[in-house]
Structure formats: C-alpha cells, structure tokens
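Chains as they are written, first to last, in my numbering: chain C, 19 to 679; chain Y, 19 to 154. See structure below.
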C-alpha cells in the first residue's frame, strides 16, 4: 500500500504532466492563430484562447494523421516535431511577411475589437464561471471514475494509437449466422461509429505525458472542452448582440453574461453538460465546442468582411468533420438555413449579398484554406463515415420511432422549459424588430436555432434518419444565447422611455424577477436531480482486477464473454486485453435482444443466461467461448449448477467461470 | 500620500478585473484547479486500499490440474482460514496471514480422482469465498 506522501507525489507528477501537455495544445494553436492573423485580429484575449484551443486540436489531428499517412510511427518526439512544425512554419511566414512589409506595428482596427467588458462585468463573468466549475467538479468527483461505457470504448481506440504508434482500423469481430442454426465469429469487420478526431487528442496526451487511461485524465480533458464550450457560448452571444442592431442600451457584454448564466451554472450537469463529460460522449462534446466557434468565425467573417476569419471558420469546420459526423451535419444544416435567411431578408439587396460572399470566398486566404482541406481529404485521409459510405444511413425516412422527432414537451424537457420558453420569446422579439431581423447576426442565430428545432421536432422535413433525442441535445446552446439575450434585454426594456409612459416599470421589474427565479429554480433543480447517488469505486476496482487477472493468464485460444448488465465498468475490460474492440464479447442490455427493428444474435444472451440449455451449449461450441465473467449476485447460480464450468476467480462483484473442454 | 490618485487607479484587484486578460486567467485557473481536484480524488478512488474493503480469491494458473490459489487482500481482515475439499473429503486446510495491500500464494497438492475440488477461504469476521475446478 502506497504511503500518503508517495501517493501525493505520484498523483502530483501525473497531474502536472497532464496540465503541461494539455496547455501545450492551445499554445500550438495560438502560434497558428498569430501566424494567420498577425497582431490585428480584432479578437479579445478570451476569443483568442478559445480559437487557439480549437486550432491546436485541429493542428494535432492533422499532424498525427499526416504522420500515419507517411508511415512514420507516432511517438513523443515525432509528435512534438509534427505538432510544432505547422504552427511554427505559419508563424515564421507571418513574422517574415510583417518584417518585409513593415506592418508589425499596424494599429488595430478599433471597430473590430470585442465589446467593452468593464470591471463589474468581468467580476460577474468570474463568479458565473466559478459557479459553473464548482457544480461540474462536484458532480465529477463521484461520477468521474473510469466506469462509463462510451468513455471505455473511446479510450480503447486512443490506447491503440498510444501503444502501436499507428492510427487504428475501426473494425471489430462480430457474431453472425453460419446457417442451419449455427453461429460463428467473423474476422474484424469495419465499423463507422467512430471518427479519428475523437481519439487523437487523448492518445497525444497519453504519449506525451505518460498518463494512464485509467485515471482522471480523460474526464479532466473533457471537462476543459466543456468549459471552453461554455465560454464559446458567451462569446457567440456577445458577438451576436453586437451585430444584431439592437438599441444602444442593450449591452452585448451583459447579453453574453446572460447566455453564460444559462449555459453555465444553470443546467450545468444534465446532458449535454457534465453528464456527457463523465459519460465520455466525446464527439458530442467536441461538437458542442466547435459548432458555436465555427458559427462565430463565419458571422464575424461576414460582418467584418474578413477572409481570414472565413478561413478560420473553414479550418474549424474541417476539424469538426474529422471529429464527429452528427455535429458536422448539424453545422451544415445550420449554415444552409442561415444562407436561406440571408437571402430571404435581403431580397432587395441580393446582388450586394452575392458580391460580399464571392469576395470572401474568392479571397486568397479562403482559397488557400479550401485547397488545403481538399488536398488533405483526397490524399491524406478521409473521415471514417465517408470511407465506409455511412452518410446515407443518416439520410432518408426514419427507420425507427425514436427518429421521427420529439414532441415539443420532450424537446423542452431536454433543453429546459425556462430556457426554451425565454429563448423562443427572444427569437420572436428579434423577428418582430425590423432592424434586428435584417442583421447578419439574426440570420446566423435563427439559422442555428431554427435548424435544430426543425431537426428535433420534424426531422422528416429534412429527410434525417438520426435518433431525435441526440439531435435535441444540441438545442441547449443556441437557446442559451437567445435566453441570455432576453434576460439581459429586460432591464434595457425597462429603461425605455416609451414603455415607462405606457406601463409601470415596477410591473416589468416584477416580471423580470419572476422570469429569472423560474429559470434559476429550474436550472438548479435540474442540477440537483442529476447528482449521482453512490460511488462505484470498489466495484470498478474489482472489475479491473478480474480483467487484469485474466489478461495476465490469457491464451491465444481464449474467447472471453462478460456481462454488460450487472458488471460495473465492464466496457473498460477491453483495455486490459487490447485484442479487439469487441473483445471480450458482451451480453448486451436485455432490451437489445428484443429489438425487432435491429435483430441481433442471441448467443451472447444464451451463454450467460442459460448456459446449460442445448441452445446455450451450441453457442459455446460454435464460438469457442471458454471464459465467462458475471456478477455473482445475479448470474452465478446457472454456472454453479453445471459440471461444465470451473470457477477460477471470485470477488464480491465479479466471478469468472472457465468452461472445461 | 496621493489618496485621490490611488482611488482613481483602484486597488490591485479592481485593476485585475479591469484587465482584458482577466477572463483568460479565470478560465485557465479554473481548469487547473478543477483538474487538480479531480486527479487527487479520482486517484484516491482508484487506490485499491484507501477506504476500501475487498479481497479476491483465484487459482494461480489456468492449468486444470493445479489447485494452487492466491488471496489478494484489500480488506481490513488479515487472517484467512482455508479448506480444500473434493468429493472424497478434505484435501488440505490451514490459515494464512495476509496484510492489506498484499497477496498470499498457497500451494496445494493435487489429489487423485475427479469431480469438483473446492477451495473455500474465510476471512476473520467476514463472508467466505470459494473457487473450484471440475476435474473430469
């Protein structure tokens, strides 16, 4: 048993290496950002931080994919060289360019800077962020152990990269019908569920810092992504407010703080927030981070006529395309609806609109970025869902009841009724305001919110065949922006002279307080309902110990089956074997065996539930399964009754049975 | 002392909040603090001995003819009684002391005969566990 000082020292070393490695990602991204924009990008320091992290992730992904393409093993030294080369090359080019043209001391365009953010507002930002971090960390302290199924799956692939130095082939063994009632194990078959960008950052951190995947590092990294997503929502709201053509008394900084309230401390635990962090829903978390950032870049590019910002938006979209298929689809739909709104609200100035867009798209930097993305796609690597032609599975008529759309009540429940209601009120108020309706920001904001509402409530209108609750998870951020606009807008409305002569200000003040209280109560209630009830540390350790025991004694001929229903952290067992994504085989959730829309093999069910019946015995013979892990509280009896099995491992939460031949 | 100048400039903390970089500092500081807390507490959660009470019993090898077994102890008990029996009777018995965080390997002679040979281990003040081999 490690003494406390040794424990603290080991943990401290792991933690410091993790922090240094993680913060090197935005450092690389900042070098790239500086190289692209020089000194005058018109961004606030917080915008630069968030953009830097996103560009750092993109740079890391590109570097590791490129290394794989040229068959160079990915280890610490090659990774550092590859990660540093692109940002350094771009930065050096920029410095040389500035020196040659003597533009290094160019004044910043004052119109392009972030809206003013005074001391009180800065303090409120700190308070809201501190509250957000406190609530998420409080939740993750007990829910942050490596137990979540999805996180276990993702860390397997990241460990493949870290151990082999190569990018994985996304494939797995399956059980299929061999005819005449028999079954067989196939060779590894391609799977489209995973995209490389979900695994590269974790692999990179593990390679560079030596961190174990069975530690706090995956969850800590995802927490950072989630926090930066919240910051992205704040920034998006502030910029949208700046470009919404609102009266001067509507402070963009306060609208940003309103959005931060709704995206931060309120509803901070339920999906897609801290629960997605502990659950390891990696793709969605990156999507929630990159979608608002890409929209921010595109809005600013359009509003400020900046080709570099357009290029930034393209790079962020490109990073997203290699990270999460659903998120890139959501972004594409949002931009399509945005374009439609831009055209619709500018019918009389359509030529101007066209000219602005072409001037941006045909600028040298935008063309350079598009060419880079295209060459990478064609000659380095395509995303898995393109290679496996999986795109068509998401398009078309819904194949299941869960993909036909949520009801409005269900969507409100998922997003938060107060956030949805207040957000919709803000959207309608903006639509009613002629000046705001014709602004660039309205098209982007309404495009984002509108696209998601349609995709959630009526996916058939867009021919989408995707689980509707997954799409509904994306509603929270645009509605945080809208709700924040409404919340910060009320005091501004109170100050309106026209309104004061029409209705008492006290009435609106009372209404504002009621609205705020409703939102706060619902958001905090949602947090309280999402808190976990008990720690699973001991059960998790017992699962890991059983896997470690078997892995140390495994034979090439072994075929191991475990139960997913009652063993804690069972999806992490594969990390001890590193044999195949689907190894050990798994008895899945019982309802999956009854799913008529997606029939599946029954052997994994029979071998655990009824090992002594003829069908169960036939499965053991066909598949060669000789090891079974179960939770003795639920599944020991059927094995104890049989003389076909020895019990070779026993703990409170896991027992392992070996079938004798 | 120029009190009016000091008031105009504000104290250090007010100047800090007025700085453009304050939000960046908060975000990075929040991440550093939160991840520190998570690392410390999750690592404590994953320590097999710290505030834990469990133990495991297993056969040492996959060899069907071997009955040697291992006790891995992460519990408060330290004394374990064991009995090895087959269909005929008791093959071996004894006790072993295994401290928390330690393991004990007990070698048992393999009896002749077939059937289920069971190893039952009972900790002091605890519930027993067993492993067994079906020997054809």
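Ideal placement from N, C-alpha and C gives every residue a C-beta, glycine not left out.
| Item | Value |
| --- | --- |
| Considering only heavy atoms of the ligand SAH, does any lie closer than 6 angstroms to the CB of residue 277 of chain C? | Looking at this structure, you won't find the ligand SAH or any other ligand, since it has none at all. |
| Quick check on residue 652 of chain C: buried or exposed, where buried means 16 or more other Cβ atoms within 10 Å of its Cβ? | exposed |
| Of all the options C/236, C/337, C/360, which has the alpha carbon lying nearest to the alpha carbon of residue 47 of chain C? | C/337 |
| Report the residues of the stretch 70-85 of chain C with a CB closer than 7 angstroms to any CB of chain Y, ordered along the chain. | none |
| Return the first residue and the last residue of the alpha helix (DSSP H) that residue 202 of chain C is part of. | Element bounds for residue 202 of chain C: not the alpha helix (DSSP H) but the beta strand (DSSP E), 200-203. |
| Skipping 5 residues on each side, what residues in its chain have a beta carbon closer than 8 angstroms to that of residue 128 of chain C? | With a pLDDT of only 42 at residue 128 of chain C, under 50, the local geometry of the prediction cannot be trusted, and the value read off the model is given with reservation. Nothing listed; no residue qualifies. |
| If you draw a straight line from the C-alpha of residue 635 of chain C to the C-alpha of residue 193 of chain C, how long is it? | 16 angstroms |
| Would you kindly work out how many angstroms separate the C-alpha atoms of residue 123 of chain C and residue 102 of chain C, rounded to a whole number? | Note that residue 123 of chain C has pLDDT 49, beneath the 50 cutoff, so the model's placement of it is unreliable and the number below is only indicative. Between residue 123 of chain C and residue 102 of chain C, the C-alpha separation is close to 26 angstroms. |
| Just the Cα atoms here: how many angstroms apart are residue 616 of chain C and residue 303 of chain C? | 27 angstroms |
| Is the Cβ-Cβ distance between residue 441 of chain C and residue 537 of chain C less than 7 angstroms? | no |
| Grouping DSSP H, G and I as helix and E and B as strand, with all else coil, what is residue 3 of chain C? | This structure cannot speak to residue 3 of chain C, because chain C is shown only from 19 to 679. |
| Apart from the five residues just before and just after residue 666 of chain C, which ones in its own chain have a Cβ nearer than 6 angstroms to its Cβ? | 674, 676 |
| Assuming the contact rule is C-beta atoms closer than 8 angstroms, residue 50 of chain C and residue 73 of chain C should be a hit. Round their C-beta distance to whole Å, please. | 5 angstroms |
| Can you name the start and end residues of the alpha helix (DSSP H) that residue 558 of chain C belongs to? | 555-570 |
| From this set, C/623, C/299, C/288, C/468, which residue's C-alpha is nearest residue 680 of chain C's C-alpha? | Chain C is shown from 19 up to 679; residue 680 of chain C falls before or after that span and cannot be answered. |
| May I ask you to verify whether the stretch 178-191 of chain C touches the stretch 574-592 of chain C, counting CB pairs closer than 8 angstroms and requiring at least 3? | no |
| Tell me the DSSP secondary structure of residue 152 of chain Y in three-state form. | strand |
| Can you pull the chain C residues whose beta carbon is under 9 angstroms from the beta carbon of residue 41 of chain Y, in chain order? | 62, 63, 64, 67, 135, 140, 143, 144, 147, 249, 252 |
| Three or more C-beta pairs closer than 8 angstroms, one from the stretch 194-201 of chain C and one from the stretch 212-227 of chain C: is that the case here? | no |
| Considering only DSSP beta bridges, list what residue 98 of chain Y is partnered with. | Y/114, Y/141 |
| With 7 angstroms as the threshold, decide whether the Cβ of residue 150 of chain Y is near any Cβ in chain C. | yes |
| Express the C-alpha separation of residue 282 of chain C and residue 142 of chain C in angstroms, rounding to a whole number. | 12 angstroms |
| From which residue to which residue does the alpha helix (DSSP H) around residue 111 of chain C run? | 94-119 |
| CA-CA distance, residue 64 of chain C and residue 52 of chain C? | 14 angstroms |
| Hey, is residue 80 of chain Y's beta-carbon within less than 7 angstroms of any beta-carbon in chain B? | Chain labels in this structure do not include chain B; the protein chains are C and Y. |
| Residue 88 of chain Y and residue 56 of chain Y look like a contact to me (Cβ under 8 angstroms); what is the Cβ gap, rounded to whole Å? | Contact flag wrong, Cβ pair sits at about 33 angstroms. |
| Using the rule of at least 16 other Cβ atoms within 10 Å of the residue's Cβ for burial, across every protein chain shown, is residue 661 of chain C buried or exposed? | exposed |
| For the stretch 645-670 of chain C, enumerate the residues whose C-beta is nearer than 8 angstroms to any C-beta of chain Y, in chain order. | 661, 662, 663, 664, 665, 666, 667, 668, 669, 670 |
| So within the stretch 415-449 of chain C, which uninterrupted beta strand (DSSP E) runs reach at least 3 residues, ignoring any that extend past its ends? | none |
| Hey, does residue 66 of chain Y have any beta-carbon neighbour from chain C nearer than 7 angstroms? | yes |
| Cβ of residue 571 of chain C less than 7 angstroms from any chain Y Cβ? | yes |
| Measure the C-alpha to C-alpha separation of residue 637 of chain C and residue 621 of chain C and round it to an integer number of angstroms. | 6 angstroms |
| With distance defined between alpha-carbon atoms, name the residue in C/492, C/599, C/39, C/54 nearest to residue 309 of chain C. | C/492 |
| Identify whether residue 656 of chain C lies in helix, strand or coil by the three-state DSSP scheme. | helix |
| Answer with buried or exposed for residue 126 of chain C, where buried requires no fewer than 16 other C-beta atoms within 10 angstroms of its C-beta. | Confidence in residue 126 of chain C is poor, its pLDDT being 48 and thus under 50, which makes the residue's placement unreliable; the coordinate value appears in the next sentence. It counts as exposed. |
| For residue 32 of chain C, go through chain Y and note every residue whose CB falls closer than 9 angstroms to its CB, in chain order. | 57, 61 |
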